[in-house]
Structures are given as C-alpha cells and as structure tokens.
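Colleague: Have a look at this one.
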Amino acid sequence: MKKAFPILALLTAVFLSYALYLALEVAPREQTMGDVQRIFYYHVPSAWTAFLLFFINFLASIQYLVRRTPSTDKVANWLLITVAVLSCVAAAIIGMVPSLKSALPADVRLSSIATTGPIIAGLYFLVRKLFSLEGVDALAITTAEVGVAFCTVVLVTGPLWARPVWGIWWTWDIRLTSTLVLWLIYVSYLVLRRFSSSGQTPVLAAALAVFGALDVPLVYFSIWIFRTQHPQPVIGGGGSIDPRMLHVLLINWLAFLCFAGLVCWSRYRLEMFKRQVEETQALEALLEPRSVPR
Amino acid sequence: MNFLYTAYAATWAIHIGYLVTVALRYRNLKREIDDMSQKDR
Numbered sequence: 013m014k015k016a017f018p019i020l021a022l023l024t025a026v027f028l029s030y031a032l033y034l035a036l037e038v039a040p041r042e043q044t045m046g047d048v049q050r051i052f053y054y055h056v057p058s059a060w061t062a063f064l065l066f067f068i069n070f071l072a073s074i075q076y077l078v079r080r081t082p083s084t085d086k087v088a089n090w091l092l093i094t095v096a097v098l099s100c101v102a103a104a105i106i107g108m109v110p111s112l113k114s115a116l117p118a119d120v121r122l123s124s125i126a127t128t129g130p131i132i133a134g135l136y137f138l139v140r141k142l143f144s145l146e147g148v149d150a151l152a153i154t155t156a157e158v159g160v161a162f163c164t165v166v167l168v169t170g171p172l173w174a175r176p177v178w179g180i181w182w183t184w185d186i187r188l189t190s191t192l193v194l195w196l197i198y199v200s201y202l203v204l205r206r207f208s209s210s211g212q213t214p215v216l217a218a219a220l221a222v223f224g225a226l227d228v229p230l231v232y233f234s235i236w237i238f239r240t241q242h243p244q245p246v247i248g249g250g251g252s253i254d255p256r257m258l259h260v261l262l263i264n265w266l267a268f269l270c271f272a273g274l275v276c277w278s279r280y281r282l283e284m285f286k287r288q289v290e291e292t293q294a295l296e297a298l299l300e301p302r303s304v305p306r
Numbered sequence: 601m602n603f604l605y606t607a608y609a610a611t612w613a614i615h616i617g618y619l620v621t622v623a624l625r626y627r628n629l630k631r632e633i634d635d636m637s638q639k640d641r
C-alpha cells in the first residue's frame, strides 16, 4: 500500500489537471454570468465532498459511541438493518397507494426512498468492518479536518462568485448562514480535539460531531425549503443544466473525491502513527526507574 | 476573469496550506521518534 501512494498521487494530479482543463476550456460559457460561472466547477464539488466527509465523520462518531459497549453496538446494528428494510417497505407501500404517491413532492423519487436506507446501512457496516474502535476515532478526526478544508473552499469561492453576480460578497440568508454554522461546528470540534487532554475528549467530540452533522441536511435542503438568494439546485429540485456542464461538474467532483481520499489516507496514517508514538512514550514513562524519596 | 482565477487560486492555496500542515506534523513526529531512539541508546 505504501508503494501505491505515490502512483495514486500522480494519477490524481493528472486527473485534477484534466478536470481543470475541462472547467476552464471545454465547459460552455454561461450566457448571463459569463466566465465567472466557472467557479461553479470548484464550488459545488467542494461542497459535495465536504458533505460526504462530514457524513463519514457522523458514522464514525456514532460507531465510536456505540461500539464502546457491546449491548448498544448490537442495538445500533439492528436499528440500521431496520432502517434499511423500512425504507424499502415504505417505498413499496407508497408505490402501491396512489394517494400517497401523489402526495410526494415532485422531486422525490421512489427509488431514492428505497435506496437511502440501504446505502446508509451499507456505509455504516463498511466502516464497522474496516476500522477498529480506535480506527473509527482516527477516521472521525481525519474526515472532520479534511471536511473543514473543503468547507473553507466553499466559503471562500462562494463570496468570490457572489460579488460579480449578486453585487455583494455575503448575505445572511439560510444557505450561506447554515454553511458558516456548519464550518464553525467542525472547527470547534477540531479545537476541542486539539486542546482538551481529558480522557473523555473523544466521547465529547463524538457527541458534538453527531449533533453537528444535523446541520448538513439543513444546509443541503435549505434551498429547497426556504426562499433564498442562493440559486436552486442544478441536479434535482427542478433545476436544469447543460449536459456538457454536468459532465464537467461530475468529472471535477470525481477528481476532488480522489484528492480527498488521498489526503484522508495520509492524515489517517499520521493519526494512527501519532497514537503509536504516544503509547510508546506512555509505556516508557511507566518503565522509567524513579528516584525513591528518602 | 479575475474573480475566477482568484477563486481557483484560493482553492489550491487552502488545500496546499493544509497539506503543508500535515507534512509538518509528520516531520515533528519523526523528530520525536528520533529523540526517543537516541534516548534508548
């Protein structure tokens, strides 16, 4: 795996360069906004990547909390299986009852309802299978840190796009404010992890992360629910986008996902390495001969 | 165009800045390990 890293890093660099070329040269020029609209190809994939990382942080934090006791671990596993089954059953029932089907918002598809539960459960069990208890804690720190970097990109590129298009750098509307709150929550999570030396820090941080993750759906769905200055979603939500723009957007997202994966990999290794060193130092301190007071 | 290039440059400045902090932490950790192994000798 160690040898694979430089090769993957090189491939990701090439992929990112290709995505940048597509964003600057190949994607069509937007008629109203002009070239400044190309910020979209960095702004939106960064936001999606940040959301995904915060979601993984949420799963890792939940696992850190529940896996510490076998009984809660078992309950959580069954709960996830129930959620997966219920989402399929709910989709089947809605599909069979016309009155329920017509009550669904136009943007919500039955397939989305049916797959959301199994996808969440699948990711949960994947993380459970791949990481030990200490590993999920390290994964939570890793994803929070890299997620904050991506969320910072969103908060910086957003105003740079807003200034020429809206005429203002910032407005306190729900999408922008909830994104800022999300960033502040995860920054406070990192501050807590960095400066608290109590043995309870990982538990407190995990609890904070679980509540912090509740802001992610608020950020995402705020433009569907509330009237905001921010544009409507380009995928789903009644929005539309030129297929060539969509292609460039997805390529850029994939490139950023590869980049985020590599950064997470090195940050995770650093975290595990740091823990090993701290453990060795603690052992050495215990074994060190002490001067006996006379 | 200025806003576009500033946004792209800012994106990479943030990511590279973060990568530098990770690299520095690796270096500090390596120093700690070297110190520990010197003590053992």
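Residue numbers (the working numbering), protein chains in the order written: chain X, 13 to 306; chain H, 601 to 641.
Every residue gets a Cβ at the ideal spot worked out from N, C-alpha and C, and that includes glycine.
Keep in mind that this is a model prediction, so the values were computed, not measured.
Beta-carbon within less than 6 Å of X:L65's beta-carbon, same chain only, minus the 5 sequence neighbours each way: which residues are those?
Modeller: For X:L65, where only same-chain residues beyond five positions count, the Cβ hits under 6 Å are T155, V158 and G159.
Colleague: Would you call the segment 170–182 of chain X and the segment 283–300 of chain X touching, i.e. three or more CB-CB distances under 8 Å?
Modeller: At 8 Å Cβ cutoff, the stretches do not touch.
Colleague: Does X:E42 come out as helix, strand or coil in the three-state DSSP assignment?
Modeller: Three-state result, X:E42: strand.
Colleague: Three or more beta-carbon pairs under 8 Å between the segment 48–64 of chain X and the segment 137–150 of chain X, yes or no?
Modeller: Output reads no: the segment 137–150 of chain X does not touch the segment 48–64 of chain X.
Colleague: How many Å lie between X:A39 and X:R256 at the Cα?
Modeller: Between X:A39 and X:R256, the C-alpha separation is close to 6 Å.
Colleague: So that I know if they touch, is there some Cβ in chain X lying closer than 9 Å to that of H:V622?
Modeller: Judged by the 9 Å Cβ criterion, H:V622 is in contact with chain X.
Colleague: Three Cβ pairs or more, each shorter than 8 Å: is that satisfied between the segment 118–134 of chain X and the segment 86–95 of chain X?
Modeller: The answer is yes - the segment 86–95 of chain X touches the segment 118–134 of chain X, with three or more Cβ pairs under 8 Å.
Colleague: Beta-carbon within less than 7 Å of X:L71's beta-carbon, same chain only, minus the 5 sequence neighbours each way: which residues are those?
Modeller: Closer than 7 Å at Cβ, skipping near neighbours: L135, Y136 and V139.
Colleague: For the segment 273–303 of chain X, which residues have a CB atom closer than 8 Å to at least one CB atom of chain H, in sequence order?
Modeller: Those would be V275, S278, R279, L282, F285, K286, V289, T292, Q293 and E296, in chain order.
Colleague: When you compare the CB of X:I235 with every CB in chain H, is at least one pair closer than 9 Å?
Modeller: So, not an interface residue.
Colleague: The alpha helix (DSSP H) spanning X:K14 covers which residue range?
Modeller: Here X:K14 belongs to no alpha helix (DSSP H), and DSSP marks it neither H nor E.
Colleague: Run down chain X in chain order and give the residues with a C-beta less than 8 Å from the C-beta of H:I614.
Modeller: Residues of chain X passing the Cβ test: A161, T164, V165 and V168.
Colleague: So which residues of chain X does H:R627 contact, with C-beta pairs closer than 8 Å?
Modeller: What H:R627 touches in chain X: nothing, since even the nearest Cβ is about 11 Å away.
Colleague: Using CA atoms only, rank isn't needed, just tell me which of X:E290, X:W181, X:L269 and X:I263 is closest to X:L32.
Modeller: Of X:E290, X:W181, X:L269 and X:I263, the residue nearest in Cα terms is X:I263.
Colleague: Could you tell me which of X:Q241, X:I125, X:V78 and X:G107 sits nearest to X:A218, measuring between CA atoms?
Modeller: Minimum Cα distance to X:A218 is reached at X:V78.
Colleague: X:L91 by DSSP, collapsed to three states: which one?
Modeller: Three-state DSSP puts X:L91 in a helix.
Colleague: Closest to X:Q43 by C-alpha separation, out of X:L23, X:D254, X:T191 and X:F271, would be which residue?
Modeller: The candidate whose alpha carbon is nearest that of X:Q43 is X:D254.
Colleague: Does the separation of the CB atoms of X:L202 and H:R625 fall below 9 Å?
Modeller: Cβ atoms of X:L202 and H:R625: not closer than 9 Å.
Colleague: Under a three-way DSSP split, which group does H:D635 fall into?
Modeller: Correct three-state label for H:D635: helix.
Colleague: Quick check on the burial criterion: 16 or more other C-beta atoms within 10 angstroms. Buried or exposed for X:I153?
Modeller: Result: buried.
Colleague: Measure the CB-CB distance between X:C163 and X:W184 and report whether it falls below 9 Å.
Modeller: No; because the gap between Cβ atoms is not below 9 Å, this pair is not in contact.
Colleague: Measure the beta-carbon distance from X:V166 to X:S58 and round it to whole angstroms, keeping in mind my assumption that it falls under 8 Å.
Modeller: So it is a contact: roughly 5 Å between Cβ atoms.
Colleague: Name the two residues that bound the continuous alpha helix (DSSP H) containing X:M257.
Modeller: P255 to L299 is the span of the alpha helix (DSSP H), which, as asked, contains X:M257.
Colleague: Taking buried to mean at least 16 other C-beta atoms within 10 Å of its own C-beta, is X:W178 buried or exposed?
Modeller: Exposed, by the Cβ-count rule.
Colleague: Is it buried or exposed for H:G617, if we count other Cβ within 10 angstroms and need 16 for buried?
Modeller: Its Cβ having fewer than 16 others within 10 Å, H:G617 is exposed.
Colleague: Who are the near neighbours of X:W60 in its chain, counting only those whose CB is closer than 7 Å to its CB and skipping five residues on each side?
Modeller: Correct list, in chain order: W265.
Colleague: What residue from X:L188, X:L220 and X:V215 has the CA that sits closest to X:Y198's CA?
Modeller: Measuring from the Cα of X:Y198, the nearest candidate turns out to be X:L220.
Colleague: Starting from X:Q75, trace the alpha helix (DSSP H) both ways and give me its first and last residue.
Modeller: That run of the alpha helix (DSSP H) goes F52 to V78.
Colleague: Let's see if you can read the secondary structure: which residues bound the alpha helix (DSSP H) around X:P6?
Modeller: An answer regarding residue 6 of chain X cannot be provided, because it is not within the stretch 13 to 306 covered by chain X.
Colleague: What is the DSSP secondary structure of X:H242, counted as helix, strand or coil?
Modeller: The answer is coil: DSSP assigns X:H242 none of H, G, I, E or B.
Colleague: Does the beta carbon of X:L202 fall short of 8 Å from some heavy atom of the ligand SAH?
Modeller: You won't find the ligand SAH in this model; it holds no ligand whatsoever.
Colleague: Verify the CB distance criterion: does X:I131 have a CB-CB separation below 9 Å to chain H?
Modeller: Taking Cβ atoms only, chain H never reaches closer than 9 Å to X:I131, which makes this a no.
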